[in-house]
Amino acid sequence: MGPFVPRIRQILAEDKTVPRKQRHTAKRIFERLREEGYTGGYTQVKAAVREMRQRGREVFVPLVHRPGEAQVDFGYALVKEGVSFDPVHYLALLERKPGSLDHARPFEGWTLPESFAVLRRRLENEQEREGGGTREYIAVLRLLERHPLRAVSRAVERGLRMNALTRDAIAQFLVPREDWRATTFPLDGRDHLRRVRVAQTHVAAYAGLLAAGGAQ
40 MGPFVPRIRQ ILAEDKTVPR KQRHTAKRIF ERLREEGYTG GYTQVKAAVR EMRQRGREVF
100 VPLVHRPGEA QVDFGYALVK EGVSFDPVHY LALLERKPGS LDHARPFEGW TLPESFAVLR
160 RRLENEQERE GGGTREYIAV LRLLERHPLR AVSRAVERGL RMNALTRDAI AQFLVPREDW
220 RATTFPLDGR DHLRRVRVAQ THVAAYAGLL AAGGAQ
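Just remember that the numbering used here sits 39 ahead of the position in the sequence shown, which is counted from 1.
(1) Taking buried to mean at least 16 other C-beta atoms within 10 Å of its own C-beta, is residue 187 buried or exposed?
(2) Any contact of the segment 202–215 with the segment 154–174, i.e. 3+ C-beta pairs under 8 Å?
(3) Could you pull out every residue in the same chain whose Cβ sits closer than 7 Å to the Cβ of residue 238, ignoring the five residues on either side in sequence?
(4) Is there at least one Cβ from chain D nearer than 9 Å to residue 204's Cβ?
(5) Smallest Cα separation from residue 184: which of 50, 210 and 196?
(6) Counting C-beta neighbours from all protein chains within 10 Å, is the total for residue 191 16 or more, i.e. buried, or is it exposed?
(7) Helix, strand or coil for residue 203 per DSSP?
(8) Go ahead and pull the three-state DSSP assignment for residue 121.
(9) Just to confirm my understanding: we take residue 111, look at its own chain, exclude 5 residues before and 5 after, and list those with CB closer than 8 Å. What are they?
(10) Do residue 196 and residue 139 come within 9 Å of each other at the CB atom, strictly closer than that value?
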């Protein structure tokens, strides 16, 4: 299988440049390799194709390594010096790898209002199972992709006061409030409506309906 691994990798790389329906299946790759002299079985080819495609979908968040600490991810390395990361751009990746929240380099030194830290603690305390609280907190952070920090901060503070801690609840506080003037009905150009008068309704009038058998 070894000599044909680069060939499989080449075919998969070329597939990325064509429409999905035109890309090679594992069986078609096997057939092409057979034409090129491969004598092994289909199972090995299928396993190799699956592994390469899986690696192609892996998500990586650059990590920060403090003095005295080390983290190894065998087979991959990312080295960037003097690069400035925008934390907001990495939130979508972070949602898929929530365990990187405290170690990812883009979030090192990212200062947020104290209300965010309070929200995280409360979410993690209430949703301890399988890191649910951390995932929900990251979902809240993703609101920063569409809204300015000041607006999200106000929404978080309001959510804390009302014990509405989920992403969906906090997002509701970001919906613009409708100006009360937009709820009125302008009479400009409708002079005939200006002469309409609606008499004030008195509750006592309903008693007359009851007496006349108008209601049961």
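Just so it is clear, CB atoms sit at the ideal spot from N, CA and C, and this is done for glycine as well.
A quick look at the data gives this:
(1) exposed
(2) yes
(3) Nothing meets the Cβ criterion.
(4) The displayed structure is made up of one protein chain only, and chain D is not part of it.
(5) 210
(6) buried
(7) coil
(8) The predicted position of residue 121 is uncertain, since its pLDDT is 49 and thus under 50; a value taken from the coordinates is nonetheless stated next. It is coil, neither helix nor strand.
(9) Note that residue 111 scores 38 on pLDDT, short of 50, meaning its location in the model is unreliable; the coordinates nonetheless yield the value given after this. So the list is empty, once near-sequence residues are dropped.
(10) no
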